[in-house]
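In this note's numbering, the protein residues as written are 66 to 186.
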């Protein structure tokens, strides 16, 4: 006899997944850091965030998938998010959830560069 309970659960998760992830990912809106920073400083901020983020809750696998998505172009990021079952609440990925309901908040600096990034001249 088939287990209809798990079948219903899968269908419910699939429905939630489709309805919440129906929106395509977008780049965050342009933003400005409080002070101009260099690419090296931005890289350090990102590394510090990703190194500490898993300690604030959620699953390490989801954090790893979010990092991979943040470091990818939009098409690949969409594939990564969809494959990991991540529910994207904000299309710029600043607010996401996993299938268990754990919340993942990403600062804009891990998703895009500030408008006042100091470029090498």
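Yeah, the Cβ is synthetic: ideal placement off N, Cα and C, and Gly gets one too.
Membership of residue 131 in the alpha helix (DSSP H) is indicated by the continuous run 125 to 135. Contact check for residue 95 against residue 157 fails: the beta carbons are separated by 8 angstroms or more.
The secondary-structure analysis by DSSP pairs residue 169 across a beta bridge with 161. Note that the stretch 103 to 116 touches the stretch 167 to 176; at least 3 beta-carbon pairs, one per stretch, sit closer than 8 angstroms.
With contacts defined as CB atoms closer than 8 angstroms, residue 90 and residue 139 qualify as a contacting pair.
At least 8 angstroms separates the beta-carbon of residue 150 from that of residue 136.
For residue 132, the CB contacts under 6 angstroms within the same chain, skipping 5 residues up- and downstream, are 115 in chain order.
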